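Have a look at the structure below, then the notes.
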Amino acid sequence: ELSATSVQRNYDKALKSLDDLNVKTKVTGTVMSIDVKKGDTVSAGQKVATIRDDSEMTIKLSFPADEAASFHVGQAAVVTIYGSFETINGTVSEISGASYAVDGNMIVRDVKITVKNPGAITESQIATAEVGSSASTSSGTFTYKENRAVYAEVSGDVSRIVADEGTRVSNGSTIIALESSSVRNSVSAAADSVKDAQLSLESQYDNLDDFTIKSPIDGTIISKDQKAGDTIDSNTKLCTI
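Take this note's numbering: the last position of the sequence shown gets the number 230, and nothing is skipped along the way.
Structure representation (structure tokens):
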């Protein structure tokens, strides 16, 4: 039973490796770069793509600590882009519980504000913000909601680019398909091992069942040729019915 369980685990692991030949994104966003091409050989852990979700942007700014203490998550905020003075509505998404001092001995707290990206905001842009009547004491830059590299889980050859650069993909979508004969051979070998282990286990259960000696007919036992504790071989006469 332990052997059958062990080979089943190996088979499940091989199946996962087979599924990992489909390189999938773990976030929703836009394919910003594909770093391999069809026919390339990639190694496990190699970066193959970058996914970015810039539908929302977050900026962390400091506010006077006593004023920030009265803020609440979800509170409306107005963000002003440096240079163009364009304003964007946003909401408070996080308020730091820790205060610290800045130049001039002002005590401040960091506040994160999230805005919907109208399409032109990048991480290089600088902005300030106001929450109610309170203004940020500093400026800051934006960060994307997601900007994540995609790595190959297993080694293989690129057989197909499923999602080209600029394609919008959802979490769990396949973006690159790999092919590996070694992975497929491992799956086949593991499947054979599972079958062998199952047959062996079934055979052992059949043998175990044979240790319970059953009468082949209805009748009365008229003689017994063995007693408890005797060691016997197969086909040894036990009794007459």
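Don't be surprised by glycine CBs; every beta carbon is placed ideally from N, CA and C.
Here the structure is a predicted model, which means the values were calculated and not measured.
Are the CB atoms of residue i and residue j nearer to each other than 7 Å?
| i | j | result |
| --- | --- | --- |
| I165 | V12 | yes |
| S128 | I115 | yes |
| F232 | S113 | Past the edges of the chain, shown from -10 to 230, lies residue 232, and the structure says nothing about it. |
| E135 | D42 | yes |
| I230 | I202 | no |
| V176 | L(-9) | no |
| S88 | A138 | no |
| T69 | T130 | no |
| R149 | T19 | no |
| S82 | T103 | yes |
Going by beta carbon distance, what residues of the same chain come within less than 7 Å of residue i, once the five residues before and after it are set aside?
| i | result |
| --- | --- |
| Q35 | Y140 and A141 |
| A57 | I84, R98 and V100 |
| S144 | V31, S32, A33 and S169 |
| S22 | A38, T39 and E154 |
| A90 | I96 |
Distance, Cα to Cα, residue i vs residue j?
| i | j | result |
| --- | --- | --- |
| N80 | I96 | Sequence inspection shows Thr at residue 80; the Asn mentioned does not correspond to that position. Cα to Cα, T80 sits roughly 23 Å from I96. |
| M(-6) | L197 | The sequence given here places Thr at residue -6; Met does not occur at that position. Rounded to the nearest angstrom, the two C-alpha atoms are 19 Å apart. |
| D92 | L50 | 15 Å |
| D24 | A38 | 5 Å |
| S172 | T163 | According to the sequence displayed, residue 172 carries Val and not Ser. Computed Cα separation, rounded: 18 Å. |
| Y194 | N174 | 30 Å |
| P107 | L10 | 36 Å |
| V223 | D207 | What sits at residue 223 in the sequence shown is Ser, not Val. The straight-line gap from Cα to Cα measures roughly 22 Å. |
| H61 | N160 | 30 Å |
| T225 | D219 | 11 Å |
| N78 | V147 | 44 Å |
| N105 | Y71 | In the sequence as presented, Asn is not what sits at residue 105; that position holds Lys. Answer to the nearest angstrom: the Cα atoms are 17 Å apart. |
For residue i, which residues in the same chain have their Cβ closer than 8 Å to its Cβ, ignoring the five residues on either side in sequence?
| i | result |
| --- | --- |
| Q(-3) | V183 and A186 |
| T76 | V67, V68, T69 and I70 |
Report all residues from its chain with a CB closer than 6 Å to the CB of residue i; omit the five preceding and five following residues, and keep chain order.
| i | result |
| --- | --- |
| N(-1) | A179 |
Measuring only from the beta carbon, is residue i closer than 6 Å to any heavy atom that is part of the ligand COA?
| i | result |
| --- | --- |
| I70 | The ligand COA is absent from the structure shown, which contains no ligands of any kind. |
Stretch-stretch touch, CB-based, cutoff 8 Å, three pairs: the segment 58 to 73 with the segment 109 to 126: yes
Every unbroken beta strand (DSSP E) inside the segment 57 to 82 [3 residues or more]: 65 to 70
Segment contact flag, the segment 37 to 46 with the segment 183 to 199, C-beta cutoff 8 Å, min 3 pairs: With a cut-off of 8 Å, the segment 183 to 199 and the segment 37 to 46 do not count as touching, because too few Cβ pairs lie within range.
Stretch-stretch touch, CB-based, cutoff 8 Å, three pairs: the segment 209 to 219 with the segment 25 to 40: no
Ordered list of alpha helix (DSSP H) runs contained in the segment 105 to 169, each at least 4 residues: Fully enclosed alpha helix (DSSP H) runs of 4 or longer: not present.
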